[in-house]
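Numbers -22 to -1, 1 to 1242, taken from mature numbering (1 follows the signal peptide of the UniProt record, and there is no 0), label the letters of the sequence shown in order.
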Amino acid sequence: MGCFRLLLACVVWAFGLTAALAQEDDKGFLTRSIQDALSGAGRDVSIDGFKGALSSSASFDRMTIADRDGIWLTLDGVELVWNRSALLRGRLEVEKLTAQKLDIPRLPLPEENTLPQAEATPFSLPELPVSVELAEFAVQQINLGAPLLGEAAQLKVAASARLTDAVADVDVTADRTDGKRGSFAIRANFARTDNILDLLVKLSEGENGIAAKLLNLPGQPSVDLQVAGKGPLDDFATDVTVATEGRERLAGQITLGAQAPRRASDTPDRRIQADIGGDITALLAPRYRAFVGDDVRLTLDAVQEANGALAVDAFALKAQSAQVQGKLALNAESWPVLIDIDGQIASPDGKPVVLPAGGAGLSVDKADLKIAYDAAKGDVVKAVFDTAGLVTGGTTVRQSRIALDGTLQSAQGNLRAFDGDVTVEAAGIALSDPAMSEALGDRITGAAAVSYAEGQPTRVDGLTLTGTDYGLSGMAVVQGLAEGFATQLDVLLKADDLSRFSALAGQELDGRSDLALAGQVTPLSGEFDVQIKGTTQDLAIGVAQADALLRGRTVLDVVAKRTADGTFLRDLSLRNAALDLSGDAELRSEGSRAELNATLKNIGTVLPQYSGPVQAAVVATQDASGWRIEAQTDGPYRAVATVNGAVTPAVDIRFDLDVPEVRPLAEQLKGPLKATGTVKQTDKGFFIDTAASGPFGAKALVEGLATGPDMALTFDVSLPDVRPLAPGVSGPLAAKGVLRQTPQGIAVDTNATGPYNTRASVQGVVTGPIAAVDFALAMPNIGAVVDKVNGPLNLSGSARKQGNGWRVDTDANGPSGTQANFAGLVNTDGTMNATLRGDVPLGLSRPFLAPRNLQGQARFDLAINGPPALSSLSGTVQTNNASFTAPNLRVALNNISARVQLGGNRAVIDVQGQAVNGGTLRAEGAVTLTPALPADLNIALRDLVLIDPQLYQTSLRGALRLAGPLTGGARISGQIDVGETNVSVPSTGMTSIGDIPRINHIGATRPVLSTRRKAGLNGASAGTDPAAQASGPGFGLNIQVNAPRRIFVRGRGLDAELGGNLKVTGTTNRVISTGAFELIRGRLDILGKRFNLVEGSIFFLGDLIPYIRFVSSTDTKMGEARVIVDGPADDPKVSFESTPDAPQDEVLAQLLFDRNLSDISAFQALQLAGAVATLAGRGGGGVISNLRDGFGLDDFDVTTNSNGATAVRAGKYISENIYTDITAASDGTGEVSLNLDLTPNLKAKGTLGSDGNSGLGIFFEKDY
C-alpha cells in the first residue's frame, strides 16, 4: 500500500500543476516541478519519460528516489488511467494504476538533521478525499532487498478498492514469485443496505518466511493464519486460527451480536464476545514458556450500548504465571463508572518469573495490581501496583509501590472530575551501572496531587521526587488536546551534595545546586516560554582553575522562548564573584543571531601567577550562506585576540593575537608576541596558514593541511640568538621540516641548526603502533657548552615503537675517543629496561682536577631497569693501569685498578694503586644509592711513602673507615702508624733584603696572568690545594696517629728525634688535632758549639705543613740565654731570649763569644753573622740590621760567594756621589770596589780583587 500512496501522490501533483501549465509539453518544466514537489530533505525524486499530464491517461518510464547513500526505490513502467475531473467533487476515481516493476533494495536513511528546527510546528490533523474508487491496481514484480526482511524477496501485487458512503469493498492479493511459498490476501465487503459483512484475511508461508522472521518465531516455522466470517453485523461470528508447521497453536471465535437495549433506545446494543486460546509455547522463546504455560486463554464479554456506553461485564487473561481479570464500564461520554481489575504475577513454584517484555533480563518475584472504583457506591477510586524482586538488565529493585487514592465524579450529564494523590516508593535499588547507582541512591519516594475537571486543565500540585540528598518539587497545569497539551510548569530541582554524581559525570564533582524552571511548554507543537533560574554553591569539578572560578555562589538566569517564528534566548546571565557572563540569541531557520559577553574579573583567579581582567565578546550571525562569528578577547597586559569568519557550512576563519610585552607572562622572555593566520575547511580537512613572531626576534611559520588522511604541515622556526634563553650559549637556532600523515601514522622530517655550528635531524613516524624515528646530533666542539673540555660530539640513533614504549639504540662519540652506546626499551611511564656501555678517557677530568692529573681509560657496562634513578642501575665501571698525580699534595699513584659494581641499589667499590715512592693504597666497600649516599668504605695504607724533597719524607701504614652519608654526616675513623720520618728545616741563604713585598700588577697581559695562575700567584699560595679549602658537606674525623719514635728533624743546626701520638678530630672543613710529637733527644750546633735541646715538639694546625718548636738553653755571664726556633717547618722563625732581657744581638754575642757585642772583633762579627744565617735562613734580617747600625755602615750583609763560602760585605758612602764597599770571604778571598755617580743614570765603577784582577766600567741605569 506504500507503493499505492506514492503513485497517488504523483497523480495529485501532476494534476495540480496542469491548470497552470496548459501550454507546457509533457516534459521539461512540468517534470521538474513534479520532481521538486516530491523531493525533500534527504529525499531526491527523479522521473524519466513522463507523458500524458494533460490527458486521462498518464505514464512515466521510471521514477527513482534517492538519499545521501544513493537510490533506495526504483519504479518502472507506470501507467495511470483516471478521471481528473472527479477530484473537483472530492472523489478519486482510478480505472487503472499499474507498474511493471518496483525495486526497494533497502530502507531509506533517516533524515539528517544535526540541529533541531528553531521554529515550532503547529498541531493539525490530515485531510482525506470523500471517496476512492480504484478499479485495477497491479505491480507485476516487486523486489525487496535483504535489509528490509532479513533476506531478499520477490512478489507481485494485485488489488482493487471501492470506498464510498454506501459500500466498502477491498480486494488485495500478494504472492511470492521467487520460488518460495508465500501468499497474502484481504477480501472485505460491506454493504450498508443489507448490513452484511464478508471478511477473509489469510496468510500462508513456508518455512523461513517473511512473517516468521518479522515475528521472530523460534526456528522460523511455516505459518498459516486465517480470520474468516460472514453474516449480518447483528449476528456476526469470526473464526480465528493460527497454525505453525501444520499444527494449530491458537484458535477461537469472536462474535458480534445485537441485543435489546439496556436503556430506552431505538438502536439495539452491540454485544462483543471472544474466546480464544491454545498452546502457544512453540511461538515463544524457551525462556518465556514458563510464564505462559501450555494453555493461555482470553475471554471477553462486553456490550456497546446504543448511546455509546461500554460495559465489559467480564474479561480474563490467564496464563501459567500470570492472570488478570475484572470488569470495566464507561458511560456515554467514555467516562469510567466501574473499574474492578485484579491482576497477579507469580510462579506456582515460587521462583522468579521471566516476563515476556523488556528483553531477556526482566523478571519479578511477585507483582500485584488492583484498581477499584464503582460510581454506584461512591466517588472513591483506589489503585495499587506492587512489585517484589524486580530485576532487569542487572538492575534490581527489592520493593516498589505505585498507589492512587482519589475521587471520580462520573454521573452522566454532570461535570466529570478527578482528584487524587499518587505516591511512588522504591527501595533496595541497585543499578548495573555503579555510577548511576551512586547518583540515584538506594531509595526513592515521590508524590503528587492530580486534579482534573471536565473542560478544565489538569493540575498536578505538590509534586515531589526525593532521593538521599536531592529532590524535585513543584507543580504543573496541563491543558487539553485542543491546546496541544500546553503545560504550565513551576518546578525546583535541588541537590545538596553533587559529589554523588561524580562517577556519573566522569569527573570529580562537589558543592550543591538549585535549579528552578517556570513557564509554559506545549509538547505537541514544540513551543515553550520558560524562565530558568539556578544557583550553585562552591561548585567544584576537580580542576583547580575551574574550581577557583566557581567558588562561592554562582547564579544562572535565562528566559527561553520558542514560537513559530523561532527560538529566542533573552537575558542570559551567569554571575559569581569571579565571572560575569551575559548574552542573547535569536535562532531561526534563516537570519539567526547570537551575542555573548563574558568578563573574568581577574585572571589570577585561575592563573595565580598573572593578574588583570579578561573580557570576551562573541557575535554569531546566520543567513542563507551559513553561520559567521566575530569574536574578540582582551586580556591582561594589553593582550588582544580576535577570530572572525564563517563556521558553517565550511570553516573559513582568520585569527590574530597581539601581546605587546610577554615578560609578565613569562619572566624569562622580553618583547612582543604576535600571531596571525587562517583556518579553512576543505574536502580533505582543515588547512591552516599561520605566521608568528616573538621575543628576541623569534619567528615561526606553519602552513598546510592539519587534519585528514592527507595531512601535511610545514614549519619553519628561527631565533637569531639563544643567549637570552640559555645564558652562556650564543648563536642562532633554526629548524625546518614537515609533519605528514602516512598510513603508519604521523611522520616528521626536520633539520635544525644551532649555536656553534651544531646540527640536528629527526626523521620518521612518531605516532601509531609501528612508529620509528631516526635522529642525529653533531657539535664540532663541545667545549662551547662544557667548560674545559674540547673536542667534537656526534650522536646518532633510532627509536622504534614497541608496546607501551620505545626501543632506543643510540651511539655517541665525544672528545679524546669517548664512546657510549645506549640501547633498550624506554616506556611511556618513564621506566626503562636498557643498557649503557662505553669508554671514557680519564684525562678528560684534568681541567677539573688541576693541578692534579688522572690518566687512564674507564670502561662502563651498565643496565637500567626501572625509573631513571640510581636505584635502577646495575653493572660495572672499571679501569686498569690508571695513574694519579697531585703535585701540590706530593702524591703520585701508578697501576691504579678500580672496579665499581652497581646493583641492588648499591655500589660496591674496590680501588687500589701503588705509590711512586713506594707502598700501596686501597679503598673498598659499598655506597647505597639513595639520596643521602650512605657509604661504608675501608681504606688501607701499606708502607705508603710520602716525600716533599724540600721538607719531609715519611711512610704510613694504617686502616681508615669512611662510614655514613656522603652528602653530609659521614665520619672518617681509624689509625695510622707513622714509620721513620725525616723533616728538613730548609736553609735558603740569608739576606737583609727579606721577602719580596706584595706586587700589584697593573695592565698584566693574558700570558702574564696565565703564568702567575700556574705559579699559584693569584692570591693563593702556590702550595695550597684549592680543593682542600673548607667546602663541601664536611666529614667528621676520629683518627689516631701513632709515631712513638724516629721522627727526625734536621737543618739549620738542628738535629733532633721526636715521638708521640696525635688525635685528629673535628671535620674535614675544620680539622682539630690534639697531642704532638715531643722531643726525645736533640741538639743545636752553632759555630762549633753544641747546645742540647731542652724543649721540642711537632704539631699540626690543619694542613700538611708541620709546625715545629725547639728551645735550647745555656748559661752565660749575663744570665740564661735561649735560642728558639718556632713556626711552620718550611719557614720557621729564630729568636734569641735571655734572662734578664737583652737585645737579640747582645744575647747572641754572649751566647757565642761570652762577651758584649761592642767587644767582639771583626772576625767574630763575621762568625756571628754566619751563625745567624745558619739559624734563620732568610729570616735573619732583623739581627743583621742591628749589626749594620751598630757598626755605623750604610750596608752590611752576610752572603755567599760563587764558591759557596760565607762572605761579609760592608759598604759606606765616602761623599754624596762616591760609594765604596769591601767584601771578605771565609776562604780568604776579598774584593774592594769604588762607585762614582756621574749623573742620575750614568755610573763609573772600578774593582780590585785579592787575586790581582781589576776592572773599570761605565754603566747606564734606568728605573721602570
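Where is the CB? At the ideal position from N, CA and C, for every residue including glycine.
This one's a predicted model, so the numbers in the text were calculated from it and none came from an experiment.
Assuming L1040 and F1078 form a contact by the criterion Cβ under 8 Å, report the distance between their Cβ atoms to the nearest whole angstrom.
For the purposes of this step, residue 1040 is taken as residue 1062 along the sequence shown, with counting starting at 1. For the purposes of this step, residue 1078 is taken as residue 1100 along the sequence shown, with counting starting at 1. The beta-carbon distance between L1040 and F1078, rounded to whole angstroms, is 7 Å. This is short enough to meet the 8 Å contact definition.
Since I188 is in the alpha helix (DSSP H), which residue starts that stretch and which ends it?
On the sequence shown, position 210 is the one that residue 188 refers to. That run of the alpha helix (DSSP H) goes 188 to 192.
Nonlocal neighbours in the same chain, by C-beta distance under 6 Å from G623, ignoring five residues either side:
Within the sequence shown, residue 623 is the residue found at index 645, counting from 1. Closer than 6 Å at the Cβ level, and outside the excluded window around G623, lie D630, I631, R632.
Could you give the C-beta distance for N713 and T728, rounded to a whole number, given that I count them as a contact under 8 Å?
The residue given as residue 713 occupies position 735 in the sequence shown. The residue given as residue 728 occupies position 750 in the sequence shown. What sits at residue 713 in the sequence shown is Ala, not Asn. With a Cβ gap of about 6 Å, A713 and T728 count as contacting.
Identify the continuous beta strand (DSSP E) that holds E403 and give its terminal residues.
To locate residue 403, count along the sequence shown from 1; it is residue 425. 395 to 408 is the extent of the beta strand (DSSP E) around E403.
Counting beta carbon pairs with one atom in the segment 829 to 841 and one in the segment 859 to 877, are three or more of them shorter than 8 Å?
yes
Selection from G184, F463, N186 that minimises the alpha carbon distance to G433
Taking the sequence shown and counting its residues from 1, one reaches residue 433 at position 455. When each option's Cα is compared against that of G433, the closest is F463.
Going by the DSSP bridge assignment, what does W60 pair with across the sheet?
Here residue 60 refers to the residue found at position 82 of the sequence shown. In the DSSP output, where bridge partners are listed per residue, W60 has V72.
Please classify D439: is it buried, with 16 or more other beta-carbons within 10 angstroms of its beta-carbon, or exposed?
The sequence position of residue 439 within the sequence shown is 461, counting from 1. Burial call: exposed.
Helix, strand or coil: which one does DSSP assign to Q251?
Within the sequence shown, the letter at position 273 stands for residue 251. In this structure, Q251 counts as strand in the three-state DSSP scheme.
G1235 versus T1201 - alpha carbon distance
The residue you call residue 1235 lines up with position 1257 of the sequence shown. The residue you call residue 1201 lines up with position 1223 of the sequence shown. Spanning the two alpha carbons is a distance of roughly 19 Å.
Could you tell me the distance, in whole angstroms, from the CA atom of Q683 to the CA atom of A690?
Position 705 of the sequence shown, counting from 1, holds the residue named residue 683. Position 712 of the sequence shown, counting from 1, holds the residue named residue 690. First, the amino acid is wrong: residue 683 is Leu here, not Gln. Roughly 5 Å between the two C-alpha positions.
Which of helix, strand or coil does DSSP assign to M414?
Working through the sequence shown from its first residue, we reach residue 414 at position 436. Three-state result, M414: helix.
Closest by CA to N575, which one among G686, R531, Q593, S200?
Within the sequence shown, numbered from 1, the residue matching residue 575 stands at position 597. For the residues G686, R531, Q593, S200, the minimum Cα distance to N575 belongs to Q593.
What span of residues does the alpha helix (DSSP H) with E226 cover, start to end?
For the purposes of this step, residue 226 is taken as residue 248 along the sequence shown, with counting starting at 1. From DSSP, E226 is part of no alpha helix (DSSP H) but of the beta strand (DSSP E) over 225 to 237.
Going by CA-CA distance only, name the one from F506, D447, E486 that's closest to L467.
Numbered from its first residue, the sequence shown carries residue 467 at position 489. For L467, the closest C-alpha among the options F506, D447, E486 is that of F506.
By alpha-carbon positions, which one of A777, R778, T813, G844 ends up nearest to D807?
On the sequence shown, residue 807 is found 829 positions in, with the first residue counted as 1. When each option's Cα is compared against that of D807, the closest is G844.
Please classify F1237: is it buried, with 16 or more other beta-carbons within 10 angstroms of its beta-carbon, or exposed?
Here residue 1237 refers to the residue found at position 1259 when the sequence shown is read from its first residue. Answer is exposed; the Cβ neighbour count stays below 16.
What residue does the beta strand (DSSP E) around R241 start on, and which one ends it?
As a working note, residue 241 is residue 263 in the sequence shown. It is not in any beta strand (DSSP E) - R241 carries neither H nor E in the DSSP assignment.
Grab the span of the alpha helix (DSSP H) containing L527 for me, first residue to last.
For the purposes of this step, residue 527 is taken as the residue at position 549 of the sequence shown. From DSSP, the alpha helix (DSSP H) with L527 extends over 522 to 528.
Considering Cα atoms alone, identify which of R606, T171, T620 is closest to A628.
Here the question's residue 628 lines up with position 650 in the sequence shown. Measuring from the Cα of A628, the nearest candidate turns out to be R606.
Beta bridge counterpart(s) of T444 as assigned by DSSP
The sequence position of residue 444 within the sequence shown is 466, counting from 1. Looking at the DSSP assignment, T444 forms a beta bridge with T423, G449.
Under 8 Å between C-beta atoms of L919 and R935:
Numbered from 1 along the sequence shown, position 941 holds the residue referred to as residue 919. Numbered from 1 along the sequence shown, position 957 holds the residue referred to as residue 935. Taking 8 Å as the Cβ cut-off, L919 and R935 qualify as a contacting pair.
Since T444 and G424 should fall inside the 8 Å C-beta cutoff, what is the C-beta to C-beta distance between them, to a whole number of angstroms?
For the purposes of this step, residue 444 is taken as residue 466 along the sequence shown, with counting starting at 1. For the purposes of this step, residue 424 is taken as residue 446 along the sequence shown, with counting starting at 1. With a beta-carbon spacing of about 7 Å, T444 and G424 fall inside the 8 Å limit used to define contacts.
What residue does the beta strand (DSSP E) around Q118 start on, and which one ends it?
Start at 1 with the first residue of the sequence shown, and residue 118 comes out as number 140. 109 to 122 is the extent of the beta strand (DSSP E) around Q118.
Buried or exposed for T92, please, with buried defined as at least 16 other CB atoms from any protein chain shown within 10 angstroms of its CB.
Indexing the sequence shown from 1 puts residue 92 at position 114. The predicted model places T92 with a pLDDT of 47, which falls under 50 and marks its position as unreliable; any figure quoted below should be read in that light. Looking at its Cβ environment, which holds fewer than 16 other Cβ atoms inside 10 Å, T92 is exposed.
For the segment 1046 to 1057 against the segment 1010 to 1026, do three or more pairs of beta-carbon atoms, one drawn from each stretch, fall closer than 8 Å, so that the two count as touching?
yes
Are the segment 516 to 524 and the segment 556 to 567 touching, with three or more C-beta to C-beta distances below 8 Å?
Contact check between the segment 516 to 524 and the segment 556 to 567: fewer than three CB pairs, one atom from each, fall below 8 Å, which does not count as touching.
Under 8 Å, with one C-beta from each stretch per pair, do the segment 181 to 199 and the segment 259 to 271 reach the 3-pair mark?
Segments in contact, yes.
Using the Cβ count rule (16 or more neighbours within 10 Å means buried), how would you classify E1209?
As a first step, residue 1209 is located in the sequence shown; it is residue number 1231 there, counting from the start. Buried is the call here.
G367 vs K348 beta-carbon contact at 8 Å:
Against the sequence shown, residue 367 aligns to sequence position 389. Against the sequence shown, residue 348 aligns to sequence position 370. Contact flag unset, no.
Residue ranges of each beta strand (DSSP E) within the segment 517 to 585, 3 or longer:
When DSSP assignments are scanned along the segment 517 to 585, the uninterrupted stretches of beta strand (DSSP E) that are 3 or more residues long and fall wholly within it turn out to be 531 to 541, 544 to 553, 557 to 565, 571 to 578.
If distances are taken between C-alpha atoms only, which option among M414, P721, M453 comes closest to G372?
Start at 1 with the first residue of the sequence shown, and residue 372 comes out as number 394. Ranked by how close their Cα comes to the Cα of G372, the residues M414, P721, M453 have M414 in first place.
Among A427, I380, A1021, the one whose alpha carbon lies nearest that of T955:
Numbered from its first residue, the sequence shown carries residue 955 at position 977. Residue identity check: residue 955 is Asp in the sequence provided, not Thr. Taking only the C-alpha atoms, the option nearest D955 is A1021.
State the Cα-Cα distance for the pair L80 and V117, rounded to the nearest angstrom.
Working through the sequence shown from its first residue, we reach residue 80 at position 102. Working through the sequence shown from its first residue, we reach residue 117 at position 139. Going from the Cα of L80 to the Cα of V117 covers about 7 Å.
First through last residue of the beta strand (DSSP E) which encompasses L306:
The residue given as residue 306 occupies position 328 in the sequence shown. Run containing L306: 300 to 308, per the beta strand (DSSP E) assignment.
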